[in-house]
Amino acid sequence: MQKLQEKKQAMEIEHAKRYSTLETEMQKVKSDHSSFVKDMENSRSAKVEANKRADETEDHALKTEERLKEVDNEVERRPEYFETMSMDAPEVADETTARETPVEEVVEGEVDAVDKEAIV
Numbered sequence: 001m002q003k004l005q006e007k008k009q010a011m012e013i014e015h016a017k018r019y020s021t022l023e024t025e026m027q028k029v030k031s032d033h034s035s036f037v038k039d040m041e042n043s044r045s046a047k048v049e050a051n052k053r054a055d056e057t058e059d060h061a062l063k064t065e066e067r068l069k070e071v072d073n074e075v076e077r078r079p080e081y082f083e084t085m086s087m088d089a090p091e092v093a094d095e096t097t098a099r100e101t102p103v104e105e106v107v108e109g110e111v112d113a114v115d116k117e118a119i120v
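Sequential numbering of the sequence shown, starting at 1, is according to the UniProt record's numbering.
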């Protein structure tokens, strides 16, 4: 009878160990599942955001293309205006060159001008 009692206790201990192991494993599976669900939700929202940005970019590209067509149409309708603008291009180039002149050269030029004024 005692052997039966001991065997029963050993089986209960073994059962408790297995149950505890399975319970720990179940908690891990639940945790992994909730992490997976969160990742999926984040992925969905990121995908929605990416699609929204893609749509905005596409809309911007279409609007830019429309503006380019408008400019092309304006050039075709008023070529004389744009031809006179292109004749002004050398002046624009001079201004650009002046902006690109290193500061040292500009400062030296100003100093020379000031010195000449002082001499006169």
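Even glycine gets a Cβ: it sits at the ideal position worked out from N, Cα and C.
Using a Cβ-Cβ distance cut-off of 7 angstroms, determine whether F36 contacts chain D. The structure shown contains no chain D, having only a single protein chain.
Span separating the alpha-carbon of V37 from that of V29: For the purposes of this step, residue 37 is identified with residue 37 of the sequence shown, where counting begins at 1. For the purposes of this step, residue 29 is identified with residue 29 of the sequence shown, where counting begins at 1. Each residue's Cα considered, the two are about 12 angstroms apart.
Grab the span of the alpha helix (DSSP H) containing M40 for me, first residue to last. As a first step, residue 40 must be located in the sequence shown, where it is residue number 40. 2 to 77 is the extent of the alpha helix (DSSP H) around M40.
In whole angstroms, what is the alpha-carbon distance linking I13 and H33? The count along the sequence shown starts at 1 and reaches residue 13 at position 13. The count along the sequence shown starts at 1 and reaches residue 33 at position 33. So the alpha carbons of these two residues sit roughly 30 angstroms apart.
E70 versus N42 - alpha carbon distance: The residue labelled residue 70 in the question sits at position 70 within the sequence shown. The residue labelled residue 42 in the question sits at position 42 within the sequence shown. Computed Cα separation, rounded: 42 angstroms.
Alpha carbon to alpha carbon, what distance is there between R53 and H15? Start at 1 with the first residue of the sequence shown, and residue 15 comes out as number 15. Start at 1 with the first residue of the sequence shown, and residue 53 comes out as number 53. So the two alpha carbons sit approximately 56 angstroms from each other.
CB-CB under 8 angstroms to E76, same chain, minus the five flanking residues each way: which ones, in chain order? Position 76 of the sequence shown holds residue 76. Taken in chain order, the list of residues that qualify is empty.
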